[in-house]
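Participant:
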Amino acid sequence: MTRKRPHSVPGPHTAAAAAAFLNAQEITTTDCRGCGAEVSGVNGRYACGVCGWTNHWSEGHNKLPGAEEDPDARA
Numbered sequence: 016m017t018r019k020r021p022h023s024v025p026g027p028h029t030a031a032a033a034a035a036f037l038n039a040q041e042i043t044t045t046d047c048r049g050c051g052a053e054v055s056g057v058n059g060r061y062a063c064g065v066c067g068w069t070n071h072w073s074e075g076h077n078k079l080p081g082a083e084e085d086p087d088a089r090a
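Every position in the sequence shown, counted from 1, becomes a number in this note's numbering once 15 is added.
1) Quick check on this structure: which residue in Trp72, Lys78, Gly49 has the alpha carbon closest to the alpha carbon of glycine 64?
2) Assign cysteine 66 to buried or exposed, taking buried as 16 or more other Cβ atoms, counted over all protein chains shown, within 10 Å of its Cβ.
3) Tell me whether threonine 44, by its Cβ, gets closer than 6 Å to a heavy atom of the ligand HEM.
4) So, is valine 57 buried or exposed, given that buried needs 16 or more other C-beta atoms within 10 angstroms?
5) Cutting at 6 Å between CB atoms, please list the residues of its own chain near arginine 60, excluding the five before and the five after it.
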């Protein structure tokens, strides 16, 4: 038998952290280097839905968080 898990409501600290994270995100646009289509991404990281091209993660506009900053990482 499968038991439904109750929905959890994020606390104010979690909601504030999520809001701060989302406020730091910027939607950016460029031309695909593979086919020339206009592509949009977040903080300078792109993936083209037409030809499958993606730019390297290091080309983004900001530093990606490390594993130690991942709240879902298991110790």
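Cβ coordinates follow ideal geometry from the N, Cα and C atoms, glycine included.
Facilitator: In this structure, then:
1) Minimum Cα distance to glycine 64 is reached at Gly49.
2) Exposed is the call here.
3) This structure does not include the ligand HEM; it has no bound ligands of any sort.
4) When all chains shown are included, valine 57 counts as exposed.
5) In chain order, Gly75 place their CB closer than 6 Å to the CB of arginine 60, counting only its own chain and leaving out the 5 sequence neighbours on each side.
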